[in-house]
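A.B. asks:
Residue numbers (the UniProt record's numbering): 1 to 565.
(1) Give the C-beta separation of residue 349 and residue 373 to the nearest angstrom, bearing in mind that I take them to be a contact with Cβ-Cβ under 8 Å.
(2) Leaving out the 5 sequence neighbours to the left and right, which residues in its chain are closer than 8 Å to residue 442 when beta-carbon positions are compared?
(3) Look up residue 557 in the DSSP assignment and say whether it is helix, strand or coil.
(4) Anyone know if the C-beta pair for residue 483 and residue 410 falls short of 8 Å?
(5) Is residue 294 helix, strand or coil when you go by DSSP?
(6) Need the endpoints of the beta strand (DSSP E) that residue 393 sits in, please.
(7) Starting from residue 325, trace the beta strand (DSSP E) both ways and give me its first and last residue.
(8) Helix, strand or coil: which one does DSSP assign to residue 502?
(9) Does DSSP classify residue 462 as helix, strand or coil?
(10) Give a yes or no on contact between the stretch 231 to 250 and the stretch 179 to 198, applying the rule of three or more CB pairs nearer than 8 Å.
(11) Give the secondary structure of residue 375 by DSSP, where H, G and I count as helix, E and B as strand, and everything else as coil.
(12) For residue 39 and residue 307, I'd like the C-alpha separation in whole angstroms.
(13) Could you have a look at residue 526 and say whether DSSP puts it in helix, strand or coil?
(14) With DSSP collapsed to three states, give me the class of residue 535.
(15) Can you name, in chain order, every residue of its own chain whose Cβ lies under 7 Å from the Cβ of residue 216, other than the five neighbours on each side?
(16) Which partner residues of residue 207 appear in the DSSP bridge assignment?
(17) Rounded to whole angstroms, what is the Cα-Cα separation between residue 414 and residue 92?
(18) Using the rule of at least 16 other Cβ atoms within 10 Å of the residue's Cβ for burial, across every protein chain shown, is residue 116 buried or exposed?
(19) Measuring straight from C-alpha to C-alpha, what distance separates residue 538 and residue 532?
(20) For residue 201 and residue 456, which I take to be in contact (beta-carbon distance under 8 Å), what is that distance rounded to the nearest angstrom?
(21) Counting only runs of 3+ residues fully inside the stretch 213 to 271, write out the beta strand (DSSP E) ranges in chain order.
(22) DSSP puts residue 411 in a beta bridge; with which residues?
(23) In this structure, does DSSP put residue 481 in helix, strand or coil?
(24) Give the straight-line distance between the Cα atoms of residue 61 and residue 123, rounded to the nearest whole angstrom.
(25) For residue 453, list the residues DSSP reports as bridge partners.
(26) Can you give the Cα-Cα distance for residue 417 and residue 203, rounded to whole angstroms?
(27) Quick one: Cα of residue 260 to Cα of residue 239, how far?
(28) Would you report the Cα separation of residue 446 and residue 334, rounded to the nearest angstrom?
(29) Mind checking who residue 513 pairs with in its DSSP beta bridge?
(30) Give the straight-line distance between the Cα atoms of residue 152 and residue 300, rounded to the nearest whole angstrom.
(31) Taking the alpha-carbon positions, what's the residue 173 to residue 186 distance?
(32) Roughly how many angstroms separate the alpha carbons of residue 207 and residue 95, rounded to a whole number?
(33) Around the C-beta of residue 137, are 16 or more other C-beta atoms found within 10 angstroms, so that it is buried, or is it exposed?
(34) Please report how far the alpha carbon of residue 165 lies from the alpha carbon of residue 428, in whole angstroms.
(35) With a threshold of 8 Å on Cβ separation, who are the neighbours of residue 489 within its own chain once the five nearest residues in sequence on each side are excluded?
(36) Enumerate in chain order the residues of its own chain whose CB-to-CB distance from residue 498 is below 8 Å, with the five nearest sequence positions on each side excluded.
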């Protein structure tokens with residue numbers, strides 16, 4: 001606002017407009033900053049606060065649109081300030097997605113981030129001699145890239161990475177700042193993340209086809225009429241990533257990224273761009289089932305992991321399932337133990353938040369103690385009072401084979417191989433093969449078959465055949481006479497049904513593959529599946545060979561494992 005006597009010349013109405021805008025702007029910043037103080041766990045406490053924050057941002061956005069000319073003239077509103085408001089709204093939608101797992105809010109975040117770029121709200125920032133404003137612009141790019149990755153908009157991601165690279169170069173050249181290394185690391189991380197998929201699907205003009213691995217309407221095999229399965233539904237999931245050296249971007253490893261997509265439906269556009277999350281009446285909600293709620297935990301400490309686990313357990317509705325996905329470095333027992341209890345087999349690593357040298361020193365002093373920064377199978381025992389579905393992708397996944405079902409509730413553990421043939425080991429940095437099978441089984445099948453690219457037409461033909469295989473696996477599981485009932489109790493849920501059928505496909509493929517020869521190369525489960533009726537079923541083996549024939553890779557699989565039909 002103009003200073004001195006000129007202020008008296010401003011009409012009363014325009015002065016009120018500026019005052020109202022300043023009030024809304026201050027209130028919005030205050031509420032937005034308060035979001036950091038909300039607990040990250042628990043699904044109820046934060047909703048009313050988010051609603052109030054959305055209210056104020058909705059009013060602020062509309063207010064600056066309606067009074068743009070007055071604010072330009074009397075307040076000196078700059079385009080980057082409008083961009084900041086839009087960016088904050090995009091962040092609100094993104095965080096609402098993280099809190100609710102409703103993928104439609106990602107589309108809303110994309111709309112606001114995209115508008116900032118199309119309208120060049122940040123274009124004038126580079127002309128101002130203020131490095132902190134340029135950092136706001138760089139952070140906007142990083143956030144936009146995360147949303148585009150989650151929406152599989154890889155063509156936009158590549159454009160954004162190029163623009164971000166140019167912006168970083170300009171920023172570091174002009175200001176000679178100390179954070180140049182950090183921003184270049186951001187670029188390296190996103191570049192590695194984009195290239196994590198081991199197989200490219202190509203159009204006829206050699207452009208890359210973007211494949212989505214969220215649950216589509218035809219994704220999970222349908223239940224046959226008369227199938228006796230449980231009525232449990234997946235309500236909550238903890239997705240934990242603590243693998244050393246795995247590609248990650250924005251506290252999301254490749255494994256975490258793949259698993260969260262396996263637990264989501266394809267996003268829908270919301271009716272209104274400024275629709276406030278959490279404000280709809282139940283009558284307006286879509287009739288189709290929601291996504292399970294998820295917590296994404298990157299390198300959590302044991303305390304953090306247990307806190308989130310307890311919150312999920314506490315809020316789990318009746319007839320619901322809690323899923324725990326662990327992608328983490330294996331921790332093996334130190335020293336010898338006379339007993340074989342749930343703390344004697346090691347487990348997976350949790351973050352120590354401490355100098356590793358100190359940790360080593362403690363171990364050397366007393367090797368009879370159990371590893372403190374480890375999630376042991378016994379640590380999960382209290383949570384088996386409710387239906388629990390566990391997936392462990394680790395070099396010590398077999399530690400979780402030593403479970404005991406103390407409370408008689410449905411309990412299943414799907415366990416990765418603990419080692420892969422040497423020809424495949426160099427791929428671990430780009431994500432685990434086991435998780436890739438659970439997320440995109442055809443891509444994983446192509447990878448173990450030695451294929452790195454494929455035409456779209458053949459890809460779609462193989463996907464259709466894989467759907468048939470999944471239907472047949474579903475029948476094998478539900479028709480089995482000796483299968484543990486825990487598997488069938490989880491089978492009524494679409495997400496869990498798809499994970500179970502993909503697990504069987506993964507296990508059968510590895511058992512037939514010529515280079516997977518050691519027992520540790522195969523996935524396992526608790527309870528064990530009846531092999532002859534599932535992962536070594538001749539009918540399923542025949543299907544896998546037929547899929548290999550379509551791809552002309554039958555030579556990488558053993559044929560003498562099946563009977564003649």
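Beta carbons are placed, not taken as given, at the ideal position from N, Cα and C, and that holds for glycine.
As the structure is a computational prediction, the values presented were derived from the model and not from experiment.
C.D. replies: On the basis of the data shown:
(1) 7 Å
(2) 459, 462, 463 and 466
(3) strand
(4) no
(5) strand
(6) 388 to 393
(7) 320 to 328
(8) helix
(9) helix
(10) yes
(11) strand
(12) 11 Å
(13) strand
(14) coil
(15) 266
(16) In the DSSP output, where bridge partners are listed per residue, residue 207 has none listed.
(17) 35 Å
(18) buried
(19) 8 Å
(20) 6 Å
(21) 233 to 242
(22) 388
(23) coil
(24) 20 Å
(25) 200
(26) 34 Å
(27) 7 Å
(28) 38 Å
(29) 557
(30) 26 Å
(31) 17 Å
(32) 33 Å
(33) buried
(34) 27 Å
(35) 229, 230, 232, 387 and 410
(36) 215, 219, 220, 221, 262 and 470
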